[in-house]
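One structure below.
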Amino acid sequence: MLPETSGPAVKIDNLSKRFGDFVAVDRVSIEVHRGEIFGFLGPNGAGKSTTIRILCGLLAPSSGRATVGGYDVATHPEEVRQNIGYMSQKFSLYDDLSVEENINFFGGVYGVMGERLAARRDYVLKMAGLEDRRTSMTHLLSGGWKQRLALGCAILHEPPILFLDEPTSGVDPIARVSFWDLIYQLSAAGHTVFVTTHYMDEAEYCHRLALMGGGRVIALGSPAELKESLGTGHLLNLESSDLLGSMQALRGRPGIEDVAVFGGGLHVKVDEESAAESEIRSSLNAAGIQIHKLEPIAPSMEDVFVTLMEFQDQKAAS
Amino acid sequence: MNLRRTFAMARKEILHIIRDPRSLIAAFSQPLLMLLIFGYALSLDVDRIPTIVYDLDQTPLSDALIKSFRGSRYFNVVEEAKGYHPIDNAIDTRRALLAVVVPTDYSRNLLEGREAAVQLLVDGSDSNTAAIAQGYAEGLILTFAQQTRENAQSMRTGSVIHIPVEARVRVWYNTDLVSRDFIVPGLIGVIIMIIASLLTSLTVAREWENGTMEQLLSTPVRPVEIAMGKLAAYFLLGLADMGVALAVAIFVFHVPLKGSPALLLVSSCIFIFGALGWGIFISASQRNQLAAYQLGTLTSFLPAFLLSGFIYSIDNMPAVIRAIALFVPARYFIEIIKGVFLKGTGLRILWFNLVLLTAYAALVFYWATSKLKKKVA
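If you're matching them up, the sequences are chains V and S in order.
Per our numbering: the first sequence = residues 1076 to 1393.
Per our numbering: the second sequence = residues 2 to 378.
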């Protein structure tokens, strides 16, 4: 089977994975375009990692089909592995090998050698900022360095498709930002990047997102599309003298759909902005709570996530 | 199997070995320690048996009998007792293992051609040594009696009538019956089995524990290449261990190497391959290093030590155990190494053992690979 050069980078069709009675991935269908940064967002246990493992050929699907770079993951795992780079949740380089030895080893297993290996090694060292530490033992590196080196080892063979499973977990915020810079560079160079995360701010960096919960895709689209699906002008930010008191006072009032704690204040989801605003002011006045700030805001990814997850839970309960 | 990927695996494993000096030291000190302890301390030879004598006869003849006990290297006369009480005491306190009591009419009975009994009292609490001590003592007394009668006869008649049948024992192979020569080559087989399986029993489980296995399996490297790469690296270590053990056997313990070194080398290579393969199989079947280590010890140490014929003869075991021992690969190697060392046995006789070892190595390697494959899916 020849790889398709024009089709989607990843095509998941009605994919399921069961472990005994537990359904980890439930009839998931997604297409990821070439060069896209595709995000998988969801809580732990939502089925993100399981899906990625199936796509990397580490797990066999229970039913459904998935192709990566045009190759079926179930029938052509070797071709798939030749075309992907994978970075697992856990740091997975060899701690007792030096930076360079790790790169050379992965070069060996990916079949990168000679001059090409030398060039790729230089690229990876530069990208990871490890040029001066090439002979350092890997276990002496800090988290951010380790993670860049792991990414470097996963892209040694210049795979068209990259799977990054929570690549930034346990890394400081500055290292996270510079890691995302790298992801953008790779995407610009034509790599397709498939990334899972539970950081909402990271979700905003993705071209497109799939929200996962309970093994299912709950919503799919670009960050802007997902926010729009909530509707604009329906979210108010409230800061008051009594956070929990305001919450109790507002719950169940007419025109108020939902109240959730957000940072130091509350996000209030409403039917109609101006009517709700006066309702809030009168309710809180009656309860003797002072309003410091009340303003309409654009929903964040977290709002989208919380709302959609709650919606999903209600659906599941009913 | 892609050679480049296998080579990359092997090189990485060698780096792991070098970077872990503790295991590296253990890999060499453990066999050396076992060889020295067993080689020096575990002797199945029985000599200088502490002996107490009680001479009731008090004649020149009984004195000569006791002198021949004193003269023998198998006995060490620790005391001449003057009654049964000191004998009791000496055996109870383990000062003596054997008591020789010469009765009052010993010399008269002997010279007059009657049965001349000598009483032997043996501490039977160590049955093996007791039996050997008893055998030596009986032999000595019998020879003494025979010679005395012949001498007496020749003095009387001027000619000697020999007893018509006389057994003369000649030992083939290990002529001096040095038990160390028998133990050390077998011990090498046991050591290699233990060290090889233990070394590799951690290597796959460690990769699962560290999460590197998952990374490895997402690359194009195949299970057979993982197994072969790991095996190749540890094979070098196993061979080095073998070399050290052989050198100790030959140069420190002076075990004679009668047979072909080439045959020894070839069969060692095959055996090491199989033992390493077993370790990888165990390791691939466990995700936890501790469990893998324990299973490795249990399945390599015990059978290799007890059921390989290294010390304990398999032929003397009950049928069920004998049947189990058929599946202990170390025994086939120990037969080879003992044969080559002590008897100079060649391929003509040992070929079947070699075939069995080869089959074992191939089977275990296949198992290890398919175990790795199963963990992929």
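Every residue gets a Cβ at the ideal spot worked out from N, C-alpha and C, and that includes glycine.
- request: Run down chain V in chain order and give the residues with a C-beta less than 8 Å from the C-beta of Pro221 (chain S).
  value: Glu1153, Arg1156, Gln1157, Val1184, Tyr1185, Gly1186
message: Is Leu218 (chain S) close to chain V? Criterion is C-beta to C-beta, closer than 8 Å.
response: yes
- prompt: With distances taken between CB atoms, is the gap from Met1162 (chain V) to Ala1121 (chain V) smaller than 8 Å?
  reply: no
message: Against chain S, does Pro1078 (chain V) count as a neighbour if the rule is that its beta carbon must be under 8 Å from one of theirs?
response: In this predicted model, Pro1078 (chain V) has a pLDDT of only 48, less than 50, meaning its place in the structure is not dependable; the value taken from the coordinates is given anyway. For Pro1078 (chain V), the answer is no, since every Cβ of chain S falls outside 8 Å of its Cβ.
- request: Would you please verify whether the beta carbon of Thr213 (chain S) is less than 8 Å from any beta carbon of chain V?
  value: yes
message: Rounded to the nearest angstrom, what separates Gly239 (chain S) and Ile273 (chain S) at their Cα positions?
response: 6 Å
field: Below-8 Å beta-carbon distance, Ala369 (chain S) vs any chain V residue
entry: no
task: Could you confirm whether any beta carbon from chain V is found closer than 8 Å to the beta carbon of Lys374 (chain S)?
output: no
query: Quick one: which chain S residues come within Cβ less than 8 Å of Asp1171 (chain V)?
result: Leu16, His17, Arg20, Asp21
query: Any idea what DSSP makes of Tyr1280 (chain V), helix, strand or coil?
result: helix
Residue burial classification, His1232 (chain V) (beta-carbon count within 10 angstroms, cutoff 16): buried
task: Would you list the one or two residues that DSSP bridges to Gly1296 (chain V)?
output: V:Leu1284
- prompt: Does DSSP put Glu1079 (chain V) in a helix, a strand or coil?
  reply: Any reading at Glu1079 (chain V) is ruled out, since the residue's pLDDT is 49, under 50, leaving its predicted position unreliable.
task: Could you tell me which chain V residues have their CB closer than 8 Å to the CB of Arg6 (chain S), listed as they occur along the chain?
output: Gly1183, Val1184, Gly1186
Residue-chain proximity (Ala9 (chain S), chain V), Cβ-Cβ < 8 Å: yes
Extent of the continuous alpha helix (DSSP H) run through Pro1 (chain S): Absent from the structure is residue 1 (chain S), since the part of chain S shown begins at 2 and ends at 378.
message: Nearest by alpha-carbon distance to Thr1243 (chain V): which of V:Ala1264, V:Thr1272, V:Phe1115, V:Phe1337 is it?
response: V:Thr1272
message: Contact criterion: CB-CB distance below 8 Å. Does Lys13 (chain S) meet it with respect to chain V?
response: yes
Three CB pairs or more closer than 8 Å across the region 305-318 of chain S and the region 243-257 of chain S: no
- request: Return the CA-CA distance between Arg323 (chain S) and Asn317 (chain S), expressed in angstroms with no decimal places.
  value: 9 Å
- prompt: Where does Ala320 (chain S) land, buried or exposed, given buried means 16+ other C-beta within 10 angstroms?
  reply: exposed
field: Neighbour-count burial assignment, Met2 (chain S), 16 or more Cβ in a 10 Å radius
entry: exposed
message: Which residues in chain S have a C-beta closer than 9 Å to the C-beta of Phe1180 (chain V)? List them in chain order.
response: Ala9, Met10, Arg12, Lys13, Leu16
- request: Could you tell me whether the region 191-202 of chain S touches the region 1370-1378 of chain V, where touching means 3 or more Cβ pairs closer than 8 Å?
  value: no
- request: Would you kindly work out how many angstroms separate the C-alpha atoms of Asp1147 (chain V) and Ala1141 (chain V), rounded to a whole number?
  value: 6 Å
query: Counting pairs of Cβ atoms below 8 Å between the region 1107-1116 of chain V and the region 1157-1172 of chain V, do you hit three or more?
result: no
Those residues which DSSP pairs with Ala1354 (chain V) across a bridge: Reading the sequence as shown, one finds Glu at residue 1354 (chain V) and not Ala. Its beta-bridge partners do not exist; DSSP assigns none.
- prompt: Just checking, does the region 1344-1359 of chain V make contact with the region 1089-1107 of chain V on the three C-beta pairs under 8 Å criterion?
  reply: no
message: Measuring straight from C-alpha to C-alpha, what distance separates Leu4 (chain S) and Glu226 (chain S)?
response: 8 Å
- prompt: Who are the Cβ neighbours of Ala1361 (chain V) in its own chain at under 8 Å, not counting the five residues just before and after it?
  reply: Ala1324
- prompt: Using the beta-carbon count (16 or more within 10 Å), is His1214 (chain V) buried or exposed?
  reply: exposed
field: Option in V:Arg1093, V:Ala1084, V:Phe1115, V:Phe1097 with minimal Cα separation from Met1287 (chain V)
entry: V:Phe1115
- prompt: What three-state label does DSSP hand Gly1338 (chain V) in the structure shown?
  reply: coil
- prompt: Under a three-way DSSP split, which group does Phe254 (chain S) fall into?
  reply: coil
task: Please go through the same chain and pick out, in chain order, the residues whose beta-carbon is closer than 8 Å to the beta-carbon of Pro1078 (chain V), but skip the five residues on each side of it.
output: In this prediction, Pro1078 (chain V) scores a pLDDT of 48, lower than 50, which makes its location untrustworthy; the coordinate-derived value is nonetheless stated afterwards. So the qualifying residues of the chain are Gly1144, Gly1145, Tyr1146, Glu1154, Asn1158.
- request: Starting from Thr1142 (chain V), follow the beta strand (DSSP E) in both directions and report where the run begins and ends.
  value: 1138-1143
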